[in-house]
Amino acid sequence: ALDRRYAGAYGAWKTLSRQDAGFAALNAQFEAWLQYRLWQLLALLSQLPQVRPVLDLDSIAWVLTLLLLALIERLTDDTLESAIHAMTHLIYHALFQDV
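All you need for our numbering is the position in the sequence shown, starting with 1, plus 9.
(1) Suppose the cutoff is 6 Å on Cβ atoms and the five residues either side in sequence are ignored; what does the same chain contact list for residue 24 look like?
(2) When you compare each of 81, 88, 47, 78 to residue 100 by their alpha carbons, which one comes out closest?
(3) Just checking, does the segment 61-70 make contact with the segment 36-50 on the three C-beta pairs under 8 Å criterion?
(4) If you check the beta carbons only, do residue 74 and residue 43 fall under 7 Å apart?
(5) Starting from residue 53 and walking both ways along the alpha helix (DSSP H), at which residues does that stretch end?
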């Protein structure tokens, strides 16, 4: 089950980051950290067989970061499983050739 407290805390954090320069700077650091961690995961996955010959891991990590952060605020228990399936599908097809 989805723990809505985390989504609520993130929503409050985003609101504060729009109103306070200090929180905005911390939020930018958090988003950069998340993007880098996603990039590391993608780089690891890109070493597997059947990877696409040309990958822009920076752009893929950036888009996934934006998507994940947007989903945090919008997911419900009813949409969680389908969102996970869709994200898995997106990541797989972004990285690997269709066979």
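Heads up, the beta-carbon is just placed ideally off N, CA and C, and yes, glycines get one too.
Put simply:
(1) There are no such residues.
(2) Ranking the options by Cα distance to residue 100, first place goes to 47.
(3) With the cut-off at 8 Å, the segment 61-70 and the segment 36-50 touch.
(4) Taking 7 Å as the Cβ cut-off, residue 74 and residue 43 qualify as a contacting pair.
(5) Segment 30-54, the alpha helix (DSSP H) holding residue 53.
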